[in-house]
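Remarks on the structure that follows.
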Amino acid sequence: MEKAEKDHAALAEEFIKDEERVDWHDGALWWIRQKRDMAAKNIPEWEALREAASQIKNNVLSNLHDYLLEFEANVTKNGIKVHWAADAEEHNAIVYSILKEKGIEQMVKSKSMLTEECHLNEYLIERGIDVINSDLGEYIQQLDNEPPSHIVLPCIHKRKEEIGEIFHEHLGTEKGVSDPTTLTRFARRHLRNVFVTRRAALTGVNFAVAETGEYVVCTNEGNADMGAHLSEVQISSMGIEKIIPQKKHLGIFLRLLARSATGQPITIYSSHFKKPRKGQEMHLILVDMGRSRQLGRPDFRDSLKCIRCGSCMNTCPVYRKSGGLSYHNTVAGPIGAILAPNLDMRKHADLPFASTLCGSCSNVCPVKINIHEQLYKWRQVIVQEGYAANTKVLGIKAMAWTLSSPTSYSTIGKAGRWVLNNIPFAVNNKFNPWYKQRDMPDSPKESFGEWYAKHGKDEVK
Amino acid sequence: MTVGLFIPCYVNQFYPNAAIATLQLLQKVGVKVVYPPRQTCCGQPMANSGFEHLTQECNNLFLENFAEFDYIVAPSASCVLHVKDHLHSDEEPAKAERVRAKTYELVEFLTDVLKIDKLAARFPHKVGIHQSCHGLRGLHLAQMSELNAAPFSKPVRLLNMVDGLELVTLERPDECCGFGGTFCVAEEAVSVKMGKDRVSDHVRHGAEYITSVDLSCLMHMEGILQRSKSAVKAVHIAEILNATR
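Sequence lines, in order, name chains A and B. Counting in the numbering used here, the first sequence runs from 1 upward without gaps. Counting in the numbering used here, the second sequence runs from 462 upward without gaps.
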């Protein structure tokens, strides 16, 4: 297990240094949260839809084995080749072997957080395969050699001027051009050429229907379709939790997904893929990558209900102020913080603590994952497994000792107030993180307990 | 009816006036109140830091202090939520369950148990209400902005009974202030930025006072207000509901 070089607090502190950027980032995401609220409140049955989606996903997780076999049989019947991958290495090797067999050296890829988790691009590029991300946000992040900071809005942390600069450097647009429409048109022309020339396309999967063996890919840009329809070989990668039992359940999820993600009634493209065109080859890779381990953790298995809408990120004040890259994980924000410790507990030990447990995430979640309760539970697990810093362990033990006895508590409380009153510099200094940007509370002469001992018997009129 | 007054550790040490206001307010509305002097803390600071396993002595002490009362009332949504969610005892599970069920946050107690519909309070000021997350999303003291559900607010209902008080409308009605327990020092930069933005919403909308059912949020926002030499003050809701000036 590797340890992240800088933890969330340190990376967030760097992000916050540019306060103007933080305000703009926070405002952009809050605007999306407001659009989501309007969309949700326009549907009287919104809360019932969330409940239905949550129950369907509960059913899926409880019967995952059977649904996966049913799905595999139907996919195979439809003429798509099914592959199973236990981890990133197996997944990447499967993709590479499919391309190698066909002698393909260039691939276009639409948005897939799973392949980001697997670091597929790096793996293929090392082996001489050129991969281009076709989702505009992911394309920008790829040009800038940075991972996505948000699962739905990969470059939400970048200003349009910065994107203009990246386009100038990598694609030769005129210096200083930052108009989003102009830049988008330029990227589109560039990507059209990519779509036309690539023999292989990889897509992610939003929903996989066990009953029919088809799967649905949702995009706003149509880039998944463009890649798939022009390809000779189509590969799709999905986490094993993406299953839904029947086609009739799709409506519930499609109504929830885009409204939760961006406030749109539905994604512009909700494309059903079922069987290869004549002369086309289709491959579907079912990837575990820690999912069955998470399924075995009773407190955390519900995290697998996630449909990757990103609404928990948009509503999370910590995410909005700290930026997605501060989570040092493919999936950032509250949902990332409950998924990541399952993948590598030491590396991600900081993430469940990067939250105030305000609970807004659980309220916007379209499949009703109890995200903030899982954050609390991960904190207990991380401490029990020994991944908390030693200084913190000592501090908390001292706190627990003080608070477990009325005598030690009142003595230390008195001493604390005496220190605050008489030698404020002892606490009001830069070594006290509270005092750096906040004043300490005024220290009263006596505690309530002391006051009550003198006046508690007085009756108030 | 006898109420056991639960005054959380940091309120006892730093905000005795809020505790006094709570006591007086309950006495004014005719409740017999007793403050068990041997109380310390609900254990939340340890538990939220991942050390719930070190909180058993706090739990035992809480049970020892409060089990006998008809109700337990505290001027702190956060501590009450911790008690309701996590107070337990391996030796006396039934006792812990009874205590969890009869522990109330002050506003909740005035609204749901005492069913207060008028108050002899006066507070002629513009006030911004800060929804503490634990009060809002934990104890459901008001409707949560994320849900498609009918609006209500127990704190606002009580504040509307106060003579002369004017509530200000905020841009973000229930955004977290960033205190978050040990988060406030462990994630200092994010915590302060969240606090500054929350305070600014109140200040921009003309609040003279920011009030809340949680002093932890207020302590954090007060620290930010005082650092910026703001004239806006933080005050616990009990002090407003008990005010007669």
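Beta carbons: idealized from backbone N, C-alpha and C, even for Gly.
Item: Proximal residues, the segment 472 to 502 of chain B versus chain A, C-beta separation under 8 angstroms; Value: V472, N473, Q474, F475, Y476, P477, N478, A480, I481, L484, Q485, Q488, K489, Y496, P498, R499, Q500, T501, C502
Item: Per-residue burial, A/D350 [other beta carbons within 10 Å of its own, 16 or more giving buried]; Value: buried
Item: Cβ distance (whole Å) where A/K109 is taken to contact A/L230 below 8 angstroms; Value: Not confirmed; about 13 angstroms, so no contact.
Item: Distance, A/A228 Cα to A/T184 Cα; Value: 21 angstroms
Item: Stretch pair the segment 664 to 674 of chain B + the segment 321 to 332 of chain A: three plus CB contacts closer than 8 angstroms; Value: no
Item: N- and C-terminal bounds of the alpha helix (DSSP H) containing A/V194; Value: 180 to 197
Item: Cβ-based burial, A/F44 [other Cβ within 10 Å; buried from 16]; Value: Note that residue 44 of chain A is Pro in the sequence shown, not Phe. By the neighbour-count rule (16 or more Cβ atoms within 10 Å), A/P44 is not buried but exposed.
Item: Cβ-based neighbour list, A/V367, same chain, cut-off 8 angstroms, excluding 5 preceding and 5 following; Value: R50, A53, S54, K57, L256, K305, C306, I307
Item: Test item: CB-CB of A/A207 and A/V194 under 8 angstroms; Value: In the sequence on display, residue 207 of chain A carries Phe and not Ala. Not closer than 8 angstroms, so no.
Item: Proximal chain A residues relative to B/L608, where beta-carbon distance stays under 7 angstroms; Value: E47, N363
Item: Chain B contact for A/T262 (CB, 8 angstroms cutoff); Value: no
Item: Inter-residue spacing [alpha-carbon to alpha-carbon] between A/P276 and A/S237; Value: 16 angstroms
Item: A/L114 and A/I240 closer than 8 angstroms at C-beta; Value: no
Item: Range covered by the beta strand (DSSP E) that runs through B/M680; Value: Careful: B/M680 lies outside any beta strand (DSSP E), inside the alpha helix (DSSP H) at 676 to 688.
Item: Bridge partners - B/V541, DSSP secondary structure assignment; Value: For B/V541, which the question treats as bridged, DSSP gives no partner whatsoever.
Item: Sufficient close CB pairs (3 or more, under 8 angstroms) joining the segment 504 to 523 of chain B to the segment 633 to 648 of chain B; Value: yes
Item: Coil, strand or helix - A/I94 by DSSP; Value: helix
Item: Identity of the residue in A/Y376, A/D302, A/C365, A/L286 nearest A/V95 by Cα; Value: A/L286
Item: DSSP state of A/K275 mapped onto helix, strand, coil; Value: coil
Item: Boundaries of the beta strand (DSSP E) in which A/E281 is found, first to last residue; Value: 281 to 287
Item: Through-space distance from B/C594 to A/G449, alpha-carbon basis; Value: 27 angstroms
Item: Beta-carbon proximity of A/H25 to A/Y327, cut-off 8 angstroms; Value: no
Item: Cβ contact (3+ pairs, closer than 8 angstroms) linking the segment 491 to 505 of chain B and the segment 532 to 545 of chain B; Value: yes
Item: For B/E648 and A/P352, the rounded distance between their alpha carbons; Value: 12 angstroms
Item: Contact list for the segment 272 to 296 of chain A against chain B, Cβ threshold 8 angstroms; Value: none
Item: Residues in the segment 673 to 689 of chain B having any Cβ partner in chain A nearer than 8 angstroms; Value: M680, H681, E683, G684, I685, Q687, R688
Item: Enclosing alpha helix (DSSP H) for A/M238 [first to last residue]; Value: No alpha helix (DSSP H) holds A/M238; the beta strand (DSSP E) holding it covers 233 to 239.
Item: A/Q142 burial status per 10 Å Cβ neighbour count (16 or more: buried); Value: buried
Item: N-terminal and C-terminal residue of the beta strand (DSSP E) that A/D130 is part of; Value: 130 to 133
Item: Distance CB(A/I338)-CB(A/I371) smaller than 8 angstroms; Value: yes
Item: Beta carbon of A/A354 nearer than 8 angstroms to that of A/V383; Value: no
Item: B/I701 classed as buried or exposed, judged by whether at least 16 other C-beta atoms fall within 10 angstroms; Value: buried
Item: Residues bridged to B/L628 (per DSSP); Value: B/V588
Item: Partner residues on chain A for B/E700, Cβ-Cβ distance less than 8 angstroms; Value: Those within 8 angstroms of B/E700 in chain A number zero; the least Cβ separation is about 13 angstroms.
Item: Buried/exposed call for B/V472, threshold 16 Cβ in 10 Å; Value: buried
Item: Contact with chain A by B/A647, beta-carbon distance below 8 angstroms; Value: yes
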